[in-house]
Amino acid sequence: MSASERHATERGSAPRGGFRPEIEGLRAVAVLLVAVYHIWFGRVSGGVDVFLFLTGFLITGSLVRSAEREGRLAPFAFWGRLLRRLTPAAGVVLAAVPAMAYLWLPPSRWPGVIAEVYASALYYENWALAAAAVDYLAREEAPSPVQHFWSLSIQGQFYLLWPLLLGAVLLVAGRERMRRASLAAVGAVLALSLAYSVWITAADQPWAYFDTGARLWELALGGVLALVVHRLRPPTAARFLLGWGGLAALVLCGVLFPVSTLFPGYAALWPTLAAAAVVVAGGGGGRFGVHRVLTLRPLMALGGLSYTLYLWHWPVLVVYLELTGRTLASPPGGAAVLALSLVLAWTTARIVEGGAERLGRRVPRPWLPAWSAATAVLLLAPALVIGSQWSDRLVREQRERAERVVEPVDYPGAALVARPELAAVLPDLPVVPDPLDARDDLSGHHLRGCHVPLSATEPVLCRTGPEDAGYTVAMVGASRTAHWYPALEQVALRHGWRLVSFTKSGCQFSAEVPYTQGRVFTECQEWDARAMEELERLRPDAVFTSSTRASAEGEAVPPGFVERWRELDALGIDVIGMRDLPRHSYAGAECVAAGRAGDCTDPIGYSLAERDPAAALAGDGRLPANVSTVDLTGHVCPGDRCDAVIGNVLVYWDHSHMTATYALTLVPAVEEALLEATGRGTATENS
5 MSASERHATE RGSAPRGGFR PEIEGLRAVA VLLVAVYHIW FGRVSGGVDV
55 FLFLTGFLIT GSLVRSAERE GRLAPFAFWG RLLRRLTPAA GVVLAAVPAM
105 AYLWLPPSRW PGVIAEVYAS ALYYENWALA AAAVDYLARE EAPSPVQHFW
155 SLSIQGQFYL LWPLLLGAVL LVAGRERMRR ASLAAVGAVL ALSLAYSVWI
205 TAADQPWAYF DTGARLWELA LGGVLALVVH RLRPPTAARF LLGWGGLAAL
255 VLCGVLFPVS TLFPGYAALW PTLAAAAVVV AGGGGGRFGV HRVLTLRPLM
305 ALGGLSYTLY LWHWPVLVVY LELTGRTLAS PPGGAAVLAL SLVLAWTTAR
355 IVEGGAERLG RRVPRPWLPA WSAATAVLLL APALVIGSQW SDRLVREQRE
405 RAERVVEPVD YPGAALVARP ELAAVLPDLP VVPDPLDARD DLSGHHLRGC
455 HVPLSATEPV LCRTGPEDAG YTVAMVGASR TAHWYPALEQ VALRHGWRLV
505 SFTKSGCQFS AEVPYTQGRV FTECQEWDAR AMEELERLRP DAVFTSSTRA
555 SAEGEAVPPG FVERWRELDA LGIDVIGMRD LPRHSYAGAE CVAAGRAGDC
605 TDPIGYSLAE RDPAAALAGD GRLPANVSTV DLTGHVCPGD RCDAVIGNVL
655 VYWDHSHMTA TYALTLVPAV EEALLEATGR GTATENS
């Protein structure tokens, strides 16, 4: 969606153009679907796909007609018009979002908001979100108030590319053959992008969702229709069916499809072809054609506000959800969000966009491109300057916190579980790590690259301790194995052990076929196979790994875990199986940063079984003899509750991963458990 087509580019039913009022109504339907599904259902509707399609339709038609009429494209004038129409509203929203974040979002989210405001202002937000989508440790982060700028970023990239593509076509084919040659070029983009989209969606859907290459075909489909629509003259009955059928299909898209986990790929043909059907129907279909509804005055007015409403509805919704602690809006709360978004949209369109347009009319035509570029810079500068200054301040404060001396007696962490009497003298101090820094509170295992991302297939081995050590432990598994590394490293150093560590995001050390986002997780399969090869080569004395998997649905020992342990038994390698820690309904850093520390707690039973399932299997003789089970749940969730803060130390930085700081306070408990499991004496004897 953009404002760029709203004035002069809404032409496309014939070579000479003509205003298409039903397109304004179609925009209104699309933005309503986007807002309603976001606000009340927490789903994606397919409305954004309609905006991409319409952008391709309107921009392609406008550029080709310009080339046919004038024999040139004048890309700088084209880009200048876009800047005048796109940046005023976007600049206002991007300047407002940091203020909204400062006032109403927890400090732990501020750095992410700043980074995404930058990405949105410079039109690469889709790539920033694509990188986060494949970053397992970023998946649980709360949505950014500018996350919706991903589609605007794709459109911005399209606006940059399309005049260059069609300009090259004009150079090669000439003015007279421009339309036919453009159809071939745009059709080729459509075919190539759609083929790529189908492939990348099957291979890596989270990345594909934000990938410009996987979305470009939706714009190209609109472009192809723009070049042939004047030749399509279906009879009245067909227009009636196309119009109403297309509108019904569009409205039902979000109901029938899990858009956020299935699109783009071939599934996105549903909303784009539905929009194409409505456009082909046009103003036909008789007295009861769909255009009669789409051209109603309220829908036309809403269509004129579609860009600014799209810009405002998401940050308003994010703030509302944060303030109410809800995941979905209540009926009255959602109505308030929509009403406020409409007021902001109307105000922005009337004052900001209207004001910029009136000023532009006074500028001499030759100066318009330069004036437009200067206006864009001026309007986006506040967001960029605010973000830069705020980011610098946060970095300075983080550095100051890192230099602050932290006395262990003031921050006992897990030691408070072993010695409850410390609670009586525990001072009331800010938690460590600070919620603002918690996302970066990672162990050396992560910082050295030993923990590889979702896309990796090769293990990265990191070694600690003497090469000639008498005992070697290998730590292997997913991120919830890796968060034990700080404690495990200290135990290894205390006892002169050799520690070899290699882990991978979202990839359990298991013989089962892994799945992610509805597909076989082939990268995990390959990594697991190579991990076994490394263990066969290294022949460590023991492998430290997770022994259970906990979730809101329950806790169990996957059969693939046991199969791997049998394979290690055949190699003469022991297994130290660490019970999975509880998952939480809250994100630790965000909850504490929001000042709700007293509410940041869950019962153990939220994700754990009453008894360690691995220990139960071992007790029944159903585990290989080489497996020793360890359960330190009580040191993270004392009693029957899992609190966000223990002994002034933040336990988890998100919903399921320990901070490295808290893991270090677990060294005595981990040491005692490992020495017992390995039979290598007691902590007292070996210290």
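Quick note on the working numbering: the sequence shown kicks off at 5 and runs consecutively.
Glycine is no exception: its CB is placed at the ideal position from the N, C-alpha and C atoms.
Distance from the CA of P607 to the CA of V436, rounded to the nearest whole angstrom, comes to 23 angstroms. Within the same chain, and ignoring the five residues on either side of A137 in sequence, the residues whose Cβ sits closer than 8 angstroms to its Cβ are R143, P210, W211, Y213, F214. Within the DSSP bridge table, the entry for V655 names no partner.
Straight through space, the alpha carbons of A482 and A648 are spaced by roughly 22 angstroms. Taking a contact as a CB-CB distance under 8 angstroms, the pair G391 and Y122 counts as one, their CB atoms being some 6 angstroms apart. With the rule of 3 Cβ pairs closer than 8 angstroms, the segment 414-433 does not count as touching the segment 444-463.
The three-state reading of DSSP puts E180 in coil, since its state is none of H, G, I, E or B.
Ranked by Cα distance from A146, the options L165, E120, I158 are led by E120. In the DSSP secondary-structure assignment, P607 is bridged to R645. In the structure shown, the three-state DSSP call for C528 is helix.
Distances from the alpha-carbon of W203 to those of L109, R523, L315, R484 put R523 closest. Excluding the 5 residues flanking it on each side, V48 has same chain C-beta neighbours closer than 6 angstroms at V263, S264, in chain order.
Residue state for T476 is assigned as strand, using DSSP reduced to three classes.
Beta-bridge analysis with DSSP links G581 to T549, T633. Comparing C-alpha distances from W488 to each of S514, I580, V421, L420 shows the shortest one belongs to I580. Going by beta carbons, V634 and A681 fall inside the 8 angstroms limit. According to the DSSP assignment, V504 belongs to the beta strand (DSSP E) that extends over 502-508. Sixteen is the threshold: since fewer than 16 other Cβ atoms of the shown chains lie within 10 Å of the Cβ of A339, the residue is exposed. Counting only the Cα atoms, E537 lies some 20 angstroms from G510.
Residues of the same chain with a CB within less than 8 angstroms of the CB of L433, apart from the 5 flanking positions on each side, are D414, Y415, N652 in chain order. Runs of the alpha helix (DSSP H) lying entirely within the segment 291-320 and spanning at least 4 residues, in chain order: 295-298, 301-308. The DSSP-derived three-state label of H455 is strand. Closest in C-alpha terms to F45, from the list D616, Y270, S334, comes S334. DSSP places Y41 in the helix class (H, G or I) of the three-state scheme. T461 sits in coil when the DSSP states are folded into three classes, being neither helix nor strand. Check the Cα spacing between R443 and each of Y127, P642, S660, F261: the tightest is with S660. When the alpha-carbon of L229 is set against those of L245, L98, V190, L542, the nearest one is in V190. Judged by their CB atoms, S201 and L231 are not nearer to each other than the 8 angstroms cut-off. Per DSSP, V202 has no beta-bridge partner at all. Per the C-alpha coordinates, the member of Y519, R645, F506, C454 positioned closest to T605 is R645. If you check the CB distance, V674 and L636 come in under 8 angstroms. Residue ranges of uninterrupted alpha helix (DSSP H) with 4 or more members, entirely inside the segment 206-283 and ordered along the chain, are 216-232, 240-260, 263-266. When DSSP states are grouped into helix, strand and coil, V436 belongs to the strand group. Under the 10 Å beta carbon count, L126 is surrounded by fewer than 16 other beta carbons and is classified as exposed. Note: C466 is bridge-paired with S505 in the DSSP secondary-structure output. Residue burial is scored here from C-beta neighbours: A491 has at least 16 other C-beta atoms within 10 angstroms and is therefore classed as buried.
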